[in-house]
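S.K.: Have a look at this one before I ask anything.
Residue numbers (the working numbering), protein chains in the order written: chain P, 5 to 119; chain Z, 47 to 158.
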């Protein structure tokens with residue numbers, strides 16, 4: 005099992021460019037998440053999908069959109085990148101987000117730089 | 047709202063010494079608490095989680111954490127540090143919406 009995979013690993017964009025970060029999981033999990041990690045701030049939730057066909061905003065959704073393409077895949081789109089979106093992006097998945105003991109499994113991350 | 051505070055953004059210990067990483071939580075309901083580890087250039091990996099079954103929780107790689115309600119703490123410990131323990135550690139609490147809220151992280155350095 006590959007677990008949670010993310011593409012690309014690294015990306016450099018110019019301000020105003022758009023791009024889509026891809027995430028896939030092979031654990032048959034129902035819930036998927038997108039986080040951003042910035043130094044000294046831990047991980048902050050951007051969007052999540054509790055189950056196939058649903059998406060909801062997290063703590064920092066502005067400037068992003070998501071698509072739950074199917075049960076395996078959850079993509080994050082930056083329509084017009086800004087330098088403030090320079091960060092490391094992590095995708096995660098879990099079996100059932102409504103269970104309080106639910107464990108999230110993380111991908112290796114995408115390092116994005118916006119110039 | 048639930049939150050966690052990790053005391054100390056950087057902790058340095060000698061190889062073989064005790065590791066103590068501090069986490070205090072704020073929660074209006076019985077908390078579900080987690081510790082994750084992030085090795086350089088990797089994603090986060092679950093170390094252990096508190097689910098109210100036992101106050102002392104044992105995790106992977108010799109780590110454990112004790113839930114103390116009176117102190118609102120969930121500190122992570124390991125009796126003897128190894129060079130391979132050098133990483134960033136995150137405490138997290140599940141909030142009322144069943145989403146994880148992470149602390150700012152503590153970078154552990156292990157000196158030889």
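Cβ coordinates follow ideal geometry from the N, Cα and C atoms, glycine included.
None of these values were measured; they are calculated from a predicted model.
Compute the Euclidean distance between the alpha carbons of residue 72(P) and residue 85(P), then round it to the nearest angstrom.
M.R.: Within the first chain, numbered from 1, the residue matching residue 72(P) stands at position 68. Within the first chain, numbered from 1, the residue matching residue 85(P) stands at position 81. In a straight line, the C-alpha of residue 72(P) is about 21 Å away from that of residue 85(P).
S.K.: What is the residue span of the beta strand (DSSP E) that residue 155(Z) lies within?
M.R.: Position 109 of the second chain holds residue 155(Z). Run containing residue 155(Z): 152-157, per the beta strand (DSSP E) assignment.
S.K.: When we look at the beta-carbon of residue 103(P) and count the other beta-carbons within 10 Å, is it buried (16 or more) or exposed?
M.R.: If you number the first chain from 1, residue 103(P) lands on position 99. Exposed: under 16 other Cβ atoms inside 10 Å.
S.K.: Can at least three beta-carbon pairs, one atom from the region 66-82 of chain P and one from the region 61-71 of chain Z, be found at a separation below 8 Å?
M.R.: No contact exists between the region 66-82 of chain P and the region 61-71 of chain Z.
S.K.: Please identify, using Cβ separations under 9 Å, the residues of the region 109-121 of chain Z that lie next to chain P, in order along the chain.
M.R.: Per Cβ criterion, the list is empty.
S.K.: Measure the C-alpha to C-alpha separation of residue 113(Z) and residue 21(P) and round it to an integer number of angstroms.
M.R.: Your numbering for residue 113(Z) matches position 67 in the second chain. Your numbering for residue 21(P) matches position 17 in the first chain. One C-alpha to the other measures close to 46 Å.
S.K.: Along chain P, in chain order, which residues have C-beta atoms closer than 9 Å to that of residue 48(Z)?
M.R.: For the purposes of this step, residue 48(Z) is taken as the residue at position 2 of the second chain. Those do not exist, as residue 48(Z) stays about 11 Å from chain P at its closest Cβ, beyond 9 Å.
S.K.: Considering residue 106(Z), what are the terminal residues of the beta strand (DSSP E) in which it resides?
M.R.: Here residue 106(Z) is taken as the residue at index 60 of the second chain, counted from 1. Per DSSP, residue 106(Z) belongs to no beta strand (DSSP E) and is neither H nor E.
S.K.: Bridge partners for residue 57(Z) per DSSP, in chain order?
M.R.: Within the second chain, residue 57(Z) is the residue found at index 11, counting from 1. Bridge partners of residue 57(Z): 154(Z).
S.K.: Please report the distance separating the alpha-carbon of residue 141(Z) from that of residue 107(P).
M.R.: Stepping through the second chain from its first residue, residue 141(Z) is reached at position 95. Stepping through the first chain from its first residue, residue 107(P) is reached at position 103. Whole-angstrom Cα-Cα distance: 14 Å.
S.K.: Tell me, to the nearest whole angstrom, how far the beta carbon of residue 157(Z) is from that of residue 60(Z); I am working on the premise that it is less than 8 Å.
M.R.: Taking the second chain and counting its residues from 1, one reaches residue 157(Z) at position 111. Taking the second chain and counting its residues from 1, one reaches residue 60(Z) at position 14. Correct: roughly 5 Å between the Cβ atoms.
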